[in-house]
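Read the structure below first, then the notes.
Protein chains: 4
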Amino acid sequence: SGWRVWRDEDVRKTLPKPTGNTHKGTFGTNLLIAGSDEMPGSAALAAIGALRFGTGKLTIATTKHASTIIGPLAPEATFSFDVKSAGIADQYLSVAIGPGLNPDDELETFIKDLLDQPVAIILDAGALSQRKYNDRQAPVIITPHPGEFSRLTGKRSVEIQKNRISFASQYAVENGLMVVLKGKYTVIAYPDGTGVINLTGNRALSKGGTGDTLTGMLLASIGTHQSIKAAVANAVFIHGACANDWVKENGDQALSAHDFDRLLPKICRHYSS
Amino acid sequence: SGWRVWRDEDVRKTLPKPTGNTHKGTFGTNLLIAGSDEMPGSAALAAIGALRFGTGKLTIATTKHASTIIGPLAPEATFSFDVKSAGIADQYLSVAIGPGLNPDDELETFIKDLLDQPVAIILDAGALSQRKYNDRQAPVIITPHPGEFSRLTGKRSVEIQKNRISFASQYAVENGLMVVLKGKYTVIAYPDGTGVINLTGNRALSKGGTGDTLTGMLLASIGTHQSIKAAVANAVFIHGACANDWVKENGDQALSAHDFDRLLPKICRHYSS
Amino acid sequence: SGWRVWRDEDVRKTLPKPTGNTHKGTFGTNLLIAGSDEMPGSAALAAIGALRFGTGKLTIATTKHASTIIGPLAPEATFSFDVKSAGIADQYLSVAIGPGLNPDDELETFIKDLLDQPVAIILDAGALSQRKYNDRQAPVIITPHPGEFSRLTGKRSVEIQKNRISFASQYAVENGLMVVLKGKYTVIAYPDGTGVINLTGNRALSKGGTGDTLTGMLLASIGTHQSIKAAVANAVFIHGACANDWVKENGDQALSAHDFDRLLPKICRHYSS
Amino acid sequence: SGWRVWRDEDVRKTLPKPTGNTHKGTFGTNLLIAGSDEMPGSAALAAIGALRFGTGKLTIATTKHASTIIGPLAPEATFSFDVKSAGIADQYLSVAIGPGLNPDDELETFIKDLLDQPVAIILDAGALSQRKYNDRQAPVIITPHPGEFSRLTGKRSVEIQKNRISFASQYAVENGLMVVLKGKYTVIAYPDGTGVINLTGNRALSKGGTGDTLTGMLLASIGTHQSIKAAVANAVFIHGACANDWVKENGDQALSAHDFDRLLPKICRHYSS
Ligand SMILES: Nc1ncnc2c1ncn2[C@@H]1O[C@H](COP(=O)(O)O)[C@@H](O)[C@H]1O
Ligand SMILES: Nc1ncnc2c1ncn2[C@@H]1O[C@H](COP(=O)(O)O)[C@@H](O)[C@H]1O
Ligand SMILES: Nc1ncnc2c1ncn2[C@@H]1O[C@H](COP(=O)(O)O)[C@@H](O)[C@H]1O
Ligand SMILES: Nc1ncnc2c1ncn2[C@@H]1O[C@H](COP(=O)(O)O)[C@@H](O)[C@H]1O
Ligand SMILES: [Mg+2]
Ligand SMILES: [Mg+2]
Ligand SMILES: [Mg+2]
Ligand SMILES: [Mg+2]
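Chains as they are written, first to last, in this note's numbering: chain A, 153 to 425; chain B, 153 to 425; chain C, 153 to 425; chain D, 153 to 425.
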């Protein structure tokens, strides 16, 4: 049926192993549009995900206030306090938008403009809404949890949870995008009707902020992998693998998303070698 | 007499071991009202306690200035800079209020309004005052140290220290709430006249800020336990157990409350497995 | 001659080993007046020293801007943005003043007022100036490095370095205070003409900020020791011992003063047991 | 030809091993002009490099907003929010300028003024532009990556990469300065036509921010070494050696420049003993 479990050996095979004369440009200049005065940390957590999963250069479009909270946690990032949609595709390889943003008309217009540009886009959290995805060449990835997917599809969460694969796949095919339907056994549906299921992760991830980190990892991933399908699946897999490593020595109620700052380096190494 | 020591095996038996299809909503959306321009860290320390002890989602009502200090330490939390009491019970499972707040009429009015709502409430520090607790169904937990309990009861600290169990129990029964009378051998009095005594902890905890962390742990705890009695006792027990772990390798004068960020994951694991 | 080296066994004998029913009040409520917009970190480094060396409660009088930098590093402290000298002795056990402050007339007046109050005072950095110390009962401790001592005494640094013990002792006796003349082999001169020499420490300490941490340690120390002489000597000794521990595994050019946050807990333990 | 590889034994031989009566002044008072509201972290990363590689005292000229992000990461530094070029040579041993700065006329004028003063200058990032270096005695070090060197020389990056040694050397000799041409196998060209090649480092460094840390290390280095040639080569070598240490246990996509805060102490020790 074109669906299968994404496994250890898939990750090892597809994780990029760059050699030769690399420089930061090799690994993509990415834009993260995230964080607000009242939700500043989400941008920091996404930045941690991006920086620890291989982004070359990261710009964060956010508020000045939020930058005082993001900066100490992700000093490698630079900020844009007045981002315009125009020209984003010229400056950035990929864009992730949504963590810590409130959905409103202004944001919707911004996203519409962005979708008209030839740039890979990841839509999460506040950027998830019911909208039309007109024909685009550049990839779109959406990362809803069941509650958010319910808002997108009009279906009830319980319904969704019973039909995770079929609903995700249907939405992906119909809209020509990738759906990362999060939660226990995250389902990744590709626009061609195929997809993979992820088995890593555990209840330690059931806490605010972990999804933001995944969004950052996805942003980095699609800039460094050859295959975008593998890029998405590997980010989800490694994200869960970090949580599996965490619970070996730590209580599963005790994970904070910023622990990925320490977990990712080791787990990346594990699957790279 | 319905009083006993809360022991290792009690903790192991009652600490939640969630299985199945958890998501962040499973572990409660909690509100922490804490921190001010001059006492910002108290909110950060409470947030650390909440996040490391299993809260699902945490909102912190505080000042914008305080958020610049809380944010880097607890990026998983979101902020509310203009919290209103109205509707809190609809949005949050439990509320903790007091660390880093100055008691004044405005705060008192806010708490009165809150007490009229069907939501679990933890009152600490600046939120501790002499007041009437009209008949409520939802639990109230107060967490005074002997000095604060003296202010509440009008009794002198030395008197209180000589009669910790009876005074705490009397206040709990009369007011229909739970009293966590802190200090060496913390006493936990339930409104039904029963109670438990905690033996963990040591003088390393005798430093500003450790109580704030306990308040955050209590907030998380009552959202994840089946029994609220056990929820309170376990938070107190684990809090002290962290300090006991600390002194194995570190001077007892040297603990800072933010060390709970590192201590809790390991100690939670110890009592969960 | 009443002068001797302060040794391992002196530290072990005199470091406080509190037992019984301690609470944060047992270990002193201390005031640190330090830090400015342009020198905010010095207050954070002093706060780390105080909190890790046993202070019970710490208030930092500083600027609001500085608090955004101090707060994430020392969330256990509270702030005062508009400190007045009046009444300080009623609220605080001891006061340290100077790190990150610019000497000016306003500061001088403040210190004069403070010196009229019955409270232990530590004067460092910007608070070191030529002034008269009228008869006071409460202790005064000054912590100049040779350059600062030169400014106080009008003697040249090279002169001072040749006569560290005699100059420090003379100044201590004449002014009725304790002189901590810093640098390699710190000299501690008591007002009664006796004194001790410290042998711990190394060139890793030769970097901006380490002196600020010592000031914080002294603040904590005099609130927890029985003998103020030992309190001062132990702070200096342990400060240097941390640096000696550091160089076992780290380059001596690489110490940052905020490393004391990790070094102090272990070294305190070493000398307490 | 006066060119050779800079090796382990060169580092061990030339890394400073100060003894005797050191104090912070022994290791230089340095000025870092870096960071802006939108690029605050670059200054923090440079400060980490300077503080961990042995600077005695560090002042950072930056914006007040940027200081809220730099401060928590480098509390040992002090700030100047309104730096003037006049008198810098009197106050500082060396100056590094550029990380996180936007090149504009004002900056260019500032640098021109600075170049007229007898003080060692490191130019990086925003401070790199085509300009004349009139006869100076005090050293100038420029640290371009190939893209920046292309801007300086008008040559295309591909051209540069094919002729790294000859182009760097030519520019160094013609302008009477040192060129640190960064990237895989960094080339260090001295103004006398000689130079060294560095073999340490790996693709983990190919991420925004690592160059800023190197700039800070260079600032510290020229204040502590006897030979400025060795000072520059050692900073580059140790910088790369940190990355080589990193990849032993961590994924090469996962390094963040602020990891140098932990890597440098150990690696400095390795080459000092
Ligand atoms: N019980 C669970 N098992 C595995 N993964 C989970 C679980 N709960 C949450 N997650 C993951 O944690 C993240 C939560 O994202 P969000 O809902 O946006 O905060 C997603 O990557 C989820 O797949
Ligand atoms: N000597 C001690 N032994 C055990 N626990 C203590 C001791 N001193 C303080 N604590 C605990 O530390 C916390 C202090 O809270 P607070 O007084 O609000 O700062 C409470 O949980 C106390 O029970
Ligand atoms: N070479 C050294 N050996 C031992 N201690 C030192 C040395 N250099 C500096 N220190 C200590 O480091 C601190 C520097 O303080 P300050 O001069 O105020 O920054 C003081 O405690 C000095 O005694
Ligand atoms: N592939 C690589 N191998 C070795 N060093 C590298 C590599 N990529 C980047 N670097 C170093 O990382 C730093 C990047 O500086 P910048 O380009 O200013 O961010 C320089 O020190 C480069 O020499
Ligand atoms: Mg989410
Ligand atoms: Mg308290
Ligand atoms: Mg000093
Ligand atoms: Mg650069």
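For every residue, glycine included, the Cβ atom is placed at its ideal position computed from N, Cα and C.
Note that the structure is predicted; figures quoted are calculated from it, not measured.
| Asked | Found |
| --- | --- |
| Ala409/C beta carbon less than 8 Å from that of Thr365/C | yes |
| Buried versus exposed call for Thr261/B [16 or more other C-beta atoms within 10 Å across all chains shown] | exposed |
| Near ligand 3: His297/B beta-carbon under 7 Å from a heavy atom | no |
| Closest by C-alpha distance to Ser321/D, when choosing among Val331/D, Pro170/D, Ile312/D, Gln313/D | Val331/D |
| Touch test, the segment 241-253 of chain D against the segment 219-232 of chain C, Cβ-Cβ under 8 Å, three pairs minimum | no |
| Within-8 Å CB hit, Ser424/C to chain B | yes |
| Alpha helix (DSSP H) segments (min. 4 residues) lying fully within the segment 203-264 of chain D | 216-225, 240-243 |
| Nonlocal neighbours in the same chain, by C-beta distance under 6 Å from Ile185/A, ignoring five residues either side | Ala213, Ile249 |
| C-beta neighbour in chain D for His217/C, strict 8 Å | yes |
| Short CB-CB distance (under 8 Å) between His175/A and chain D | yes |
| Per-residue burial, Glu300/C [other beta carbons within 10 Å of its own, 16 or more giving buried] | buried |
| For Ala356/C, the three-state DSSP class (helix, strand or coil) | helix |
| Glu190/C, buried or exposed, once every other Cβ within 10 Å from all chains shown has been counted against 16 | buried |
| Interfacial residues, the segment 220-242 of chain D to chain C, with Cβ spacing under 8 Å | Thr220, Gly223, Pro224, Ala226, Pro227, Glu228, Ala229, Thr230, Phe231, Ser232, Phe233 |
| Met369/A - containing alpha helix (DSSP H), residue span | 362-376 |
| Unbroken beta strand (DSSP E) run spanning Trp155/B, endpoints | 155-157 |
| Proximity winner among Thr305/D, Arg164/D, Val292/D, relative to Ile374/D (alpha-carbon distances) | Val292/D |
| Contact set for Gly363/B: own chain, Cβ-Cβ below 8 Å, skip 5 residues either direction | Pro251, Asp276, Ala277, Thr295, His297, Lys334 |
| beta-carbon His410/D near ligand 4 non-hydrogen atom, thresh 7 Å | no |
| Closer than 7 Å: Gly177/B CB and nearest ligand 5 heavy atom | no |
| Within chain D, the residues that Asn402/C reaches when beta carbons sit closer than 8 Å | Pro417, Lys418, Cys420, Arg421 |
| Straight-line gap, Asn116/C to Phe205/C (C-alpha atoms, nearest Å) | Only positions 153 to 425 of chain C appear in the structure, and residue 116/C is not among them; the question remains open. |
| Asn182/C in three-state terms, based on DSSP | strand |
| Where Ala290/D sits in the DSSP three-state scheme | coil |
| Contact with chain B by Leu253/A, beta-carbon distance below 8 Å | no |
| Reference Ala290/A, options Leu351/A, Ile312/A, Asn327/A, Ala198/A, closest by Cα | Asn327/A |
| Chain B residues whose Cβ lies nearer than 9 Å to that of Ala248/A | Simply none; closest approach about 17 Å. |
| Distance between beta carbons of Gln405/A and Thr178/B, contact taken as under 8 Å | Their Cβ separation, rounded to whole angstroms, is 11 Å, which puts Thr178/B and Gln405/A out of contact at 8 Å. |
| The alpha helix (DSSP H) enclosing Gly392/A, as first and last residue numbers | 380-401 |
| Nearest to Ala199/D (by Cα), restricted to the options Asp411/D, Gln282/D, Lys418/D | Asp411/D |
| Segment contact, 8 Å Cβ cut-off, at least three pairs: the segment 337-353 of chain A with the segment 377-390 of chain A | yes |
| beta-carbon Asp276/C near ligand 7 non-hydrogen atom, thresh 7 Å | yes |
| Entirely enclosed beta strand (DSSP E) segments - the segment 298-337 of chain B, minimum 3 residues | 330-333 |
| Proximity below 8 Å, CB of Ala195/C to CB of Gly187/C | yes |
| Cutoff 7 Å; reference Asn402/D; Cβ partners in own chain excluding five residues on either side | none |
| Near ligand 6: Gly363/B beta-carbon under 7 Å from a heavy atom | yes |
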